[in-house]
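Residue numbers (our numbering): 8 to 214. All C-beta atoms in this analysis are idealised placements derived from N, C-alpha and C, irrespective of residue type, glycine included.
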């Protein structure tokens, strides 16, 4: 066709030999993301001991694909946990940009943080596990989420919406303690008490 580069399906565009390799890597990342999302959904509904075939069915892949990426169940649990932590960490700056106030962003982010601790059946327990491969998860959890809590809390303090003096680690630790048992006791709702905690650190309206 006139104007087309010879051997190229797109006029005037020269493909690099590296383009197919990059496309394959991008596809691999998307497939792994899909697999981790499916595993997270299954873990929420059935716990971390759910059959691998259930995860494979949800992801639309063969069991061999899962074992190729994650040779052991511990490998998969760790990968899902890290995936969930990354999503929570990345949400902080986005919420700060989206919400009308820093305190509203903080409240929404804490809701995601609570979801991570309460609804991810068995995942939070990995933080306290002595099993091989799990030992570094607690440090990773804090390294990724503590700076986000500090950013959101600091913005709310600077805006006069939160009382000065609240420490990010104390807030995360307090919320974590309130979440204990929240997924096993139907009579206990940690979110109600966390809302009371947030009201406690909230600065009174300016006169």
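Secondary structure of residue 174 (DSSP, three-state): coil. Two segments are said to touch when three or more pairs of C-beta atoms, one from each, lie closer than 8 Å; by this definition the stretch 114-127 touches the stretch 191-201.
Residue 155 and residue 164 have their C-alpha atoms roughly 14 Å apart. Here residue 70 is exposed. Its C-beta has fewer than 16 other C-beta atoms within 10 Å.
Just measuring C-alpha positions, the residue of 206, 116 and 167 sitting nearest residue 213 is 167. Ranking 30, 50, 91 and 81 by CA distance to the CA of residue 40 puts 91 first.
In the three-state reduction of the DSSP assignment, residue 155 falls in the helix class. Separation of residue 110 and residue 160 (C-alpha to C-alpha, rounded to the nearest whole angstrom) is 8 Å. Note that the C-beta distance between residue 119 and residue 104 is not below 7 Å. A check of alpha carbon separations from residue 207 across 45, 108 and 170 identifies 170 as the nearest. Residue 59 sits close to residue 73, with the two beta carbons spaced by under 7 Å.
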